[in-house]
Amino acid sequence: MKRTLWIGLGLTCLGLGCGSYYERQAAPLAARDCATLASEAEPSAGEEYTDYGVRAFVDSVRDPHSTFSVDVDTGSYTIARRKLREGMLPPAAAVRVEEFVNYFRQGYPDPAPGEAFGINAQAMQSPWREGRALLRVGLQTRRIDPSQRQPANLVFLVDVSGSMGSPDKLGLVKHSLAVLTRALRPDDTVAISTYAGSVETVLAPTAVADREAILDALDDLEAGGSTAMGSGLQLAYELASERARPGVSSRVIVCSDGDANVGAMDHEALLASIRAHRGRGITLGTVGFGMGNYRDTLMEQLADAGDGSYAYVDGPAEARRLFREDLISSLELVARDAKVQVEFDPRCVVRYRLIGYENRAILDQDFRNERVDAGEVGAGHSVTALYELELSGDPGPLGEVRVRYTPPAGGEAIEQRAAIPGELLGVEAAPARLRFAAAVAEFAELLRESPHTQTPWPSLLAFCEQALSTPADEREHELLDLVRRAARIHSALPK
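According to the numbering used here, the sequence shown is numbered sequentially starting from 13.
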């Protein structure tokens, strides 16, 4: 069968002394306070985002523990990227700081033999606020050779309702899944199901050795009709169950704009059904497409319930990154229900603030409660969390990082620990990737109108330029471009 060529749309970054670091590096912006972003960055009619708020500082004497679920989602960053490239600021509620930070490589070393995670902790003076420090807590899972991963049993569940009928939706879905199909091994299996007014099995489970049959089935997909996501998910899980077995990574991949009724199930029943299937070894991940009627909240919740990750594809380049470059970490699980608990020493840390992870909070007492769901992490994944600290000045380690997880095959939970060194690096002495992570987080903080930051845009841009790695990778250059765009948009807002 002749295959259609899809062409992508052109979708138009502690000071300790006299002033903070950024004030010494760039002149302040002669514009109104960044808190005005909210009124100019409203979501388009029909789009849905959830505002989870912004974490406050915590007194370490009152509560020395910070506990949260690991998060490897990146959808928030790519949604913001699309908005900025289209000449607008993203809605503040669309910005989740951890998804910005975790989009970028940190270059952490591999874990020690026999361990699932390498734990890295490093602190630097804050480049943004005098008298503060930034702590980076990083996790790195083992990297594996593509030939050594488990065979994959995948079901592509594609939304073909009428709302998906534009090139940046179904057209980009077809392109993205074709990229994934070409990256799979012959011993992997793919099935394709669709949902609109009704559900349909487009392709029964098929070995990737017959790659052309899969690509032809993708090429034939057409949009039209209403949406019944609940029935579509039931069919997708049935198809995944046909080939699910020990030693095989089974996953449903939902591709949609999230603009869906759930059919016969209500919202909570749908999420409960997804949670039940993850107990049978079938995970679910979501990939978002399109704008205008996009439902970010639903797409994130589905992936959370399914023990999978949530991503958003804004163009062919992101499809290649997600489905080719990061394929292994998407398919090979290393840890289930991974939780992080940081315990600060009140003698050294006066107050702390976890930057982001607002909807990943776990009660401190539930860190060792195996009934509490947490995040799943794949091979080669890195996870980063940043804390803003007020230090007492007393010497000694700042505290301890603990990671607790369940092996992919089940069994007893495993806990790893690492001390947080007391050394506080100066801004210029800090590694480039630590400085860049600080820049990414501050960028997201400005976009989401965090009350904790008033960094001028030119100062952030100057810091980003100086924080690039040598050599800088493509993602870092892209971030620099986005900061420039955001600064330009902000400066043009009515005064």
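Glycine included, each C-beta is placed from N, C-alpha and C at the ideal position.
Taking the CA atoms as reference points, Q162 sits about 6 Å from V260. Cβ-Cβ distances below 8 Å link T213 to A203, I204, S205, L247 and L251 in the same chain, with the five nearest sequence neighbours on each side left out; the list follows chain order. Using a Cβ-Cβ distance cut-off of 8 Å, the stretch 360–374 and the stretch 321–328 are not in contact, since fewer than three pairs of beta carbons, one from each stretch, lie closer than that value. Every alpha helix (DSSP H) stretch that sits fully inside the stretch 215–284 and reaches 4 residues is listed by chain position as 223–231 and 241–255. Positions of the beta strand (DSSP E) runs, each at least 3 residues long and wholly inside the stretch 353–391, are given as 361–367 and 387–390 in order along the chain.
In this model, S238 and G209 are separated by some 5 Å (Cα to Cα). Separation of R333 and I286 (C-alpha to C-alpha, rounded to the nearest whole angstrom) is 27 Å. Assignment of F116 by DSSP, reduced to helix, strand and coil, places it in the coil class. Scanning its chain for C-beta atoms nearer than 8 Å, with the 5 sequence neighbours on each side dropped, one finds around V70 the residues S78, R363, Y364 and R365, in chain order. Under DSSP, Y207 shares a beta bridge with D171 and V211.
In the DSSP secondary-structure assignment, T201 is bridged to N165 and A219.
The continuous stretches of beta strand (DSSP E) do not include G177, and DSSP gives it neither H nor E. For Y89, the enclosing alpha helix (DSSP H) has its first and last residue at G87 to R97.
For S81, the enclosing beta strand (DSSP E) stretches over residues H77 to S81. In the structure shown, the three-state DSSP call for A128 is coil. Note that the C-beta distance between T153 and A425 is not below 8 Å. By the 16-neighbour rule on beta-carbons within 10 angstroms, E382 is exposed. No residue range can be given for Q466, since it is assigned to no alpha helix (DSSP H) and is classified by DSSP as neither H nor E. For I294, the secondary structure class from DSSP, reduced to helix, strand or coil, is strand. Note that the stretch 172–190 does not touch the stretch 478–494; fewer than 3 beta-carbon pairs, one per stretch, sit closer than 8 Å. Following the DSSP letters along the chain, one finds R445 in no beta strand (DSSP E) but inside the alpha helix (DSSP H) bounded by residues A444 to L459.
A contact is defined here as three or more CB-CB pairs under 8 Å, and the stretch 58–77 fails this definition with respect to the stretch 288–301. Cβ contact annotation for P158 (same chain, cutoff 7 Å, sequence separation greater than five): I340, in chain order.
Here A133 is buried, its C-beta having at least 16 other C-beta atoms within 10 Å. With fewer than 16 other Cβ atoms inside 10 Å of its own Cβ, V73 counts as exposed.
By the neighbour-count criterion, in which 16 or more other beta carbons inside 10 Å mark a residue as buried, A288 falls on the exposed side. Proximity of the stretch 160–175 to the stretch 223–241 meets the contact definition, three or more beta-carbon pairs being nearer than 8 Å. Counting other Cβ atoms within 10 Å of its Cβ, A281 stays below 16 and is therefore classed as exposed. By the 16-neighbour rule on beta-carbons within 10 angstroms, Q353 is buried. In this chain, the alpha helix (DSSP H) harbouring E490 covers E486 to S503.
Checking the DSSP bridge columns, you'll see A430 partnered with V413.
The stretch 295–313 makes no contact with the stretch 112–123: fewer than 3 CB pairs, one atom from each, lie closer than 8 Å. A direct Cα-to-Cα measurement between Q478 and G126 gives close to 38 Å.
Secondary structure of M136 (DSSP, three-state): strand.
Residue environment analysis places D75 among the exposed positions, since fewer than 16 neighbouring C-beta atoms fall within 10 angstroms of its C-beta.
Closest option to A397, judged by alpha-carbon separation, among V84, A68, A105 and G65: V84.
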